[in-house]
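Positions 815 to 1130 (the numbering used here) are the ones given, in order, by the sequence shown. Beta carbons: idealized from backbone N, C-alpha and C, even for Gly. This report refers to the structure that appears directly beneath it.
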Amino acid sequence: MNRTVMAFTLVTLLAMPAHAQLARTFLSANGSDANTCSRTAPCRTLQVAHNNTTAGGEINMLDPAGYGRVVIQKSISIVNDGVGSAGILVPASSIGIRIIAGPSDKIHLRGLIIEGAGVGEYGIVFESGKSLHVENSVIRNMTISGIAFITNGGEQDTNNLSVSNTLVADNGSHGIVVQPSGSAFVYSVFNRVEVSNNGENGIAVFGNRNVGRTWTSVVDSLSAQNTGIGFYIFNDNPASWRTHMDIFKSTSSFNQRFGVVAEGSNASFILGQSAVVLNGYLVGLSQAAALDGALGESYGDNYVYPEKNLTIKPKS
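Structure follows, in structure tokens:
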């Protein structure tokens, strides 16, 4: 990414009432942060609910509302299971959900709308933790990126990102960016994800800062109408393991530049049962390409139009 993710002022965000923590806490549009966050005495903001929830616990939303940004520092689930539009309206130059958790912490987010309104910088930023799972959510209108997975792990670490049934749209930079640093193994899975109308690439994976393995699977997903590339994989670091993306049953279309690109000697992709159509069509750019020593392979069962300048080879 082109800039350092801004830091929160944690002093006020992490202040909390002197209540005993609960395994399950609740938020309501009519709640109060002076409450215990129980079902009968719900809180008003995510940060206070987080601080009153035990590690591994769950925050539940009772009403449609904006519940404020949150810094997550432990295993936790934040859940909206059908109460309506509930989540976060991200303030100007801010991050909606920032995750700085421990090496074994797992974070689950479900049913959230994270709205940048053209002023919030990032929807979700994952800096540390074991894993992040996002499902049934909408992340849109950030000035930079919807999701930034920028973990910095050691060689004994494995960091996982999973996104499913989620829309990431209308953001100023990448829709979703995976850019680890360090030596961890980083695995990302995108299933039934739509990334559209973002200012740079739809899903972008950069492995050049990470000497570990950066591996991504995209299934049943759509990357469309982005200013840059639909699916982009980059790694030119000879000291790094390969950065790779498997793309199955997915579509990259109407992106202004390329459909799928791997760039750099340690970057690669494999296409199967996918459609790569009408990307950069008006300016004659390639649909799918492997550049600067990268490897692009196809199972031969894809729909690619037009096929000019195609630089992928049959899967051996």
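The distance from the Cβ of GLY1044 to that of ASN1012 is about 10 Å, inconsistent with a contact at the 8 Å cut-off. By the neighbour-count definition (other C-beta atoms within 10 Å, threshold 16), THR854 is an exposed residue. Per the coordinates, the alpha-carbon of PHE1083 lies some 36 Å from the alpha-carbon of GLY870. LYS920 is bridged by DSSP to SER945. HIS864 sits in a helix when the DSSP states are folded into three classes. The Cβ atoms of ALA1089 and ASN1116 lie closer than 8 Å to each other.
Taking C-alpha positions only, LEU841 is separated from ALA848 by approximately 12 Å.
Taken through DSSP and simplified to helix, strand or coil, ILE909 comes out as strand. LYS1127 carries a strand assignment under DSSP once its states are collapsed to helix, strand and coil.
A straight-line Cα-Cα distance of about 22 Å links ALA1018 and LEU926. For TYR1119 and VAL1091, the gap between their C-alpha atoms comes out near 5 Å.
Here DSSP, grouped into helix, strand and coil, assigns ARG883 to coil.
Between ILE964 and PHE940, the CB-CB gap stays under 8 Å. For MET1059, the enclosing beta strand (DSSP E) begins and ends at 1057 to 1062.
Secondary structure at THR839: strand, using DSSP grouped into helix, strand and coil.
No Cβ-Cβ contact shorter than 8 Å links VAL977 with PHE1020.
For GLN1087, the closest C-alpha among the options THR859, SER1035, GLY882 is that of SER1035.
The C-alpha of VAL897 is placed about 32 Å away from the C-alpha of TYR1001. Non-local C-beta neighbours of THR1030 in its own chain, meaning closer than 6 Å and more than five positions away in sequence, comprise SER1002, VAL1019, MET1059, ordered along the chain. Short of 7 Å from the beta carbon of SER908, and not among the five residues preceding or following it, lie these beta carbons of its own chain, in chain order: ARG883, GLY934, GLU935. ASP919 is a Cβ neighbour of GLY943, given a cutoff of 8 Å.
Per DSSP, the beta-bridge partners of ARG954 are GLU929, ALA983. In this chain, the beta strand (DSSP E) harbouring VAL893 covers 890 to 893. When the Cα atoms are used, ILE990 and THR1057 turn out to be separated by approximately 16 Å.
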